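Asker:
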Amino acid sequence: MGCALTAALPYLDHNASTPCAKEVLAAMEPFWRGHFANPSSRGHRAALEAGAAVEQARRELGRCLGCDPGWIHFTSGATEADNLAIKGVCEARMDRGRHLVTVVSEHRAVLDPCRYLAGLGFTLTELAVDASGRLDPLQLEATLRADTILVSVMAANNETGVLQDIPTIAAVCRRREVPFHCDAAQAFGHVPLACGEAGPDLIALSAHKLYGPKGMGALVVRDGLRLAPQLHGGGQEGGLRSGTVSTPLVVGFAKAAQLAHADRGERSARLGRLREQLWQGLLQGLPAWVDPLRNGRADQTLPHTLNVSFRGVDGARLHSTLRRRIAVSSGSSCSNGKPSHVLMAMGRSRGEAEASIRFGLGRQTRPVEIDRAVEAVTQTLASLRH
Numbered sequence: 001m002g003c004a005l006t007a008a009l010p011y012l013d014h015n016a017s018t019p020c021a022k023e024v025l026a027a028m029e030p031f032w033r034g035h036f037a038n039p040s041s042r043g044h045r046a047a048l049e050a051g052a053a054v055e056q057a058r059r060e061l062g063r064c065l066g067c068d069p070g071w072i073h074f075t076s077g078a079t080e081a082d083n084l085a086i087k088g089v090c091e092a093r094m095d096r097g098r099h100l101v102t103v104v105s106e107h108r109a110v111l112d113p114c115r116y117l118a119g120l121g122f123t124l125t126e127l128a129v130d131a132s133g134r135l136d137p138l139q140l141e142a143t144l145r146a147d148t149i150l151v152s153v154m155a156a157n158n159e160t161g162v163l164q165d166i167p168t169i170a171a172v173c174r175r176r177e178v179p180f181h182c183d184a185a186q187a188f189g190h191v192p193l194a195c196g197e198a199g200p201d202l203i204a205l206s207a208h209k210l211y212g213p214k215g216m217g218a219l220v221v222r223d224g225l226r227l228a229p230q231l232h233g234g235g236q237e238g239g240l241r242s243g244t245v246s247t248p249l250v251v252g253f254a255k256a257a258q259l260a261h262a263d264r265g266e267r268s269a270r271l272g273r274l275r276e277q278l279w280q281g282l283l284q285g286l287p288a289w290v291d292p293l294r295n296g297r298a299d300q301t302l303p304h305t306l307n308v309s310f311r312g313v314d315g316a317r318l319h320s321t322l323r324r325r326i327a328v329s330s331g332s333s334c335s336n337g338k339p340s341h342v343l344m345a346m347g348r349s350r351g352e353a354e355a356s357i358r359f360g361l362g363r364q365t366r367p368v369e370i371d372r373a374v375e376a377v378t379q380t381l382a383s384l385r386h
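The UniProt record's numbering puts the first residue of the sequence shown at 1, with every later residue one more than the last.
Okay, structure coming up:
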């Protein structure tokens, strides 16, 4: 019953997760049963075939990213990749200093390990963002010190879709010879992502944000940058991530990236138009007493993401009523019901943060779903007045 109800709702929460593409499912299927051998084994043909599939997937991801396949290290997702990058770099470089720099609006997978390290004696600077959610690269450069050993700035915010100026940030860090880590879970497959000499030194990726399987991600590590592994036991993934690599998930990740790379331009343009249709529909259909506030500039956000705060509205009532009509989010899937720290960092009040909706459009989103979303939100808000 619950599954049927969910299937009937317009799904506009693609920032939280995307459905596996049918081509991804087809690519993974042979590796669940027929080619199930451990890819780390070398003693027989079945294992060698599984290992070859993993390496082919690594090459495909390298092609999509424009980097050496040897830089790609598979993980269980972006959260593990973020932790490996942050803790791994800091442990390997703490003889050079103990100062970390990040941004107050980062995902918890970045903020929490940074704050964990601060509790162990590292010095942490959390930089502010402006009202549009962007970091000023000049502010970053002024913060860097002789003992700074890592900078971490995400490519696209998971709640607002705000895009940071990654090439400029990378250039600042490179001039100062400070490793730059970037959580690109929301960006990869949706917008161009700089890699190599013009990009970050470490990039965290997630498969289920681009129509791939859950439980799979990767950390891209520039050649020559040393990390301390966080998992020990088998020496897989170049010694950085011990544990048996999941062949079907790796294959699915690579297929999803290939598909996303192929249709990114068309998809971004189409979803950008639908996003603006959604925003204009809300502006035209909202009751006069509702004051909507768009979080993030249209030209500086992911094309498939719209975050809106509805001033003068009780957030709890808004979401409890709306969830019966449309699948959207109030913010990060990892917020545990707390007001968005991202929106509050952008200067929104607690009430505005609570009464916000993140709309995440996807490959299957059509104009009729946008119309239904506008109707659901405008009618819900009208009912709350009473």
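By construction, the Cβ of each residue, glycine as well, lies at the ideal position given by its N, Cα and C atoms. The structure displayed is predicted, hence computed values, not measured ones.
Once the 5 residues before and after L361 are set aside, which same chain residues still bring their CB inside 7 Å of it?
Answerer: Around L361: L12, H14, L271, L274, R275 and H304.
Asker: Please classify E354: does DSSP put it in a helix, a strand, or coil?
Answerer: Reduced to three states, the DSSP call for E354 is helix.
Asker: Can you name the residues that DSSP bridges to R294?
Answerer: Answer is V308, bridged to R294.
Asker: For C114 versus I86, is the C-beta spacing smaller than 8 Å?
Answerer: Yes, they are a contact pair.
Asker: Considering only the beta carbon of each residue, do G20 and Y211 sit closer than 8 Å?
Answerer: The sequence as given places Cys at residue 20; Gly does not occur at that position. Contact: yes.
Asker: Alpha helix (DSSP H) containing I326: first to last residue?
Answerer: No alpha helix (DSSP H) contains I326, which DSSP labels as neither H nor E.
Asker: Can N38 and A53 be called in contact, C-beta distance under 8 Å?
Answerer: No, Cβ-Cβ distance for N38 and A53 is not below 8 Å.
Asker: Quick one: is G121 buried, meaning 16 or more other Cβ sit within 10 Å of its Cβ, or exposed?
Answerer: Exposed: under 16 other Cβ atoms inside 10 Å.
Asker: DSSP state of E237, grouped into three classes?
Answerer: Of the three classes helix, strand and coil, the one that applies to E237 here is coil, per DSSP.
Asker: Expressed to the nearest angstrom, what Euclidean distance is found between the alpha-carbon atoms of Q277 and I370?
Answerer: Each residue's alpha carbon lies about 7 Å from the other.
Asker: Taking Cβ positions, are residue 387 and M346 nearer each other than 8 Å?
Answerer: Coverage of the chain is limited to positions 1 through 386, which leaves residue 387 absent and any answer about it impossible.
Asker: Do you know how far the Cα of A298 is from the Cα of R45?
Answerer: Each residue's Cα considered, the two are about 52 Å apart.
Asker: Straight-line CA distance for H181 to R385?
Answerer: Cα to Cα, H181 sits roughly 46 Å from R385.
Asker: For A184, which option in A109, R348 and S40 has the closest C-alpha, if you only look at C-alpha atoms?
Answerer: A184 has its Cα closest to that of A109, out of A109, R348 and S40.
Asker: The beta strand (DSSP E) with H73 in it runs from where to where?
Answerer: I72 to T75 is the span of the beta strand (DSSP E), which, as asked, contains H73.
Asker: Which term fits V368, buried or exposed, when burial requires 16 or more other beta carbons within 10 angstroms of its beta carbon?
Answerer: Classification of V368: exposed, given that the 10 Å Cβ count is below 16.
Asker: For F180, which of helix, strand or coil comes out of DSSP?
Answerer: Three-state result, F180: strand.
Asker: Could you give the C-beta distance for G167 and A194, rounded to a whole number, given that I count them as a contact under 8 Å?
Answerer: Position check: residue 167 holds Pro in this sequence, whereas Gly was assumed. About 5 Å separates the two Cβ atoms, so the contact holds.
Asker: Span of the beta strand (DSSP E) holding E126?
Answerer: Here the beta strand (DSSP E) through E126 covers T123 to L127.
Asker: Whether or not the segment 84-99 and the segment 154-166 are in contact is what I'm after, with contact meaning three or more pairs of Cβ atoms, one per stretch, closer than 8 Å; do they touch?
Answerer: Segments in contact, no.
Asker: Go ahead and pull the three-state DSSP assignment for H232.
Answerer: Reduced to three states, the DSSP call for H232 is coil.
Asker: Determine whether the beta carbon atoms of S40 and G234 lie at a separation below 8 Å.
Answerer: Yes, these two residues count as a Cβ contact at 8 Å.
Asker: In chain order, what residues of the same chain lie with their CB nearer than 7 Å to the CB of S333, ignoring the 5 residues before and after it?
Answerer: Unreliable placement is indicated for S333, whose pLDDT of 49 sits below 50; the coordinate value is still reported in the next sentence. These residues qualify, in order along the chain: A16.
Asker: Under the rule that 16 or more other beta-carbon atoms within 10 Å means buried, what is L138, buried or exposed?
Answerer: Under this definition L138 is an exposed residue.
Asker: Using 8 Å for Cβ pairs, my map puts G88 next to Q230. What's the rounded Cβ distance?
Answerer: Going by Cβ atoms, the distance from G88 to Q230 rounds to 6 Å, so yes, they are a contact pair.
Asker: Short check: CB of G281 to CB of V374, under 8 Å?
Answerer: In contact: G281 and V374 (Cβ atoms closer than 8 Å).
Asker: Between which two residues does the alpha helix (DSSP H) holding G185 run?
Answerer: The residue asked about is misnamed: residue 185 is Ala in this sequence, not Gly. Looking at the DSSP string, A185 is not in any alpha helix (DSSP H), and its letter there is neither H nor E.
Asker: Where do the N-terminal and C-terminal ends of the alpha helix (DSSP H) with H261 fall, by residue?
Answerer: First-last of the alpha helix (DSSP H) with H261: T247 to G285.
Asker: Please classify C20: does DSSP put it in a helix, a strand, or coil?
Answerer: Residue state, collapsed to three classes: coil.
Asker: Thinking just about the alpha-carbon of each residue, which of P200, A92, G312 and D95 is nearest to the one in A354?
Answerer: Note on identity: in this sequence residue 354 is Glu, with Ala being the wrong assignment. Answer by Cα proximity: G312.
Asker: Following the continuous beta strand (DSSP E) through H99, name the residue where it begins and the one where it ends.
Answerer: Where H99 is concerned, the enclosing beta strand (DSSP E) stretches over H99 to V103.
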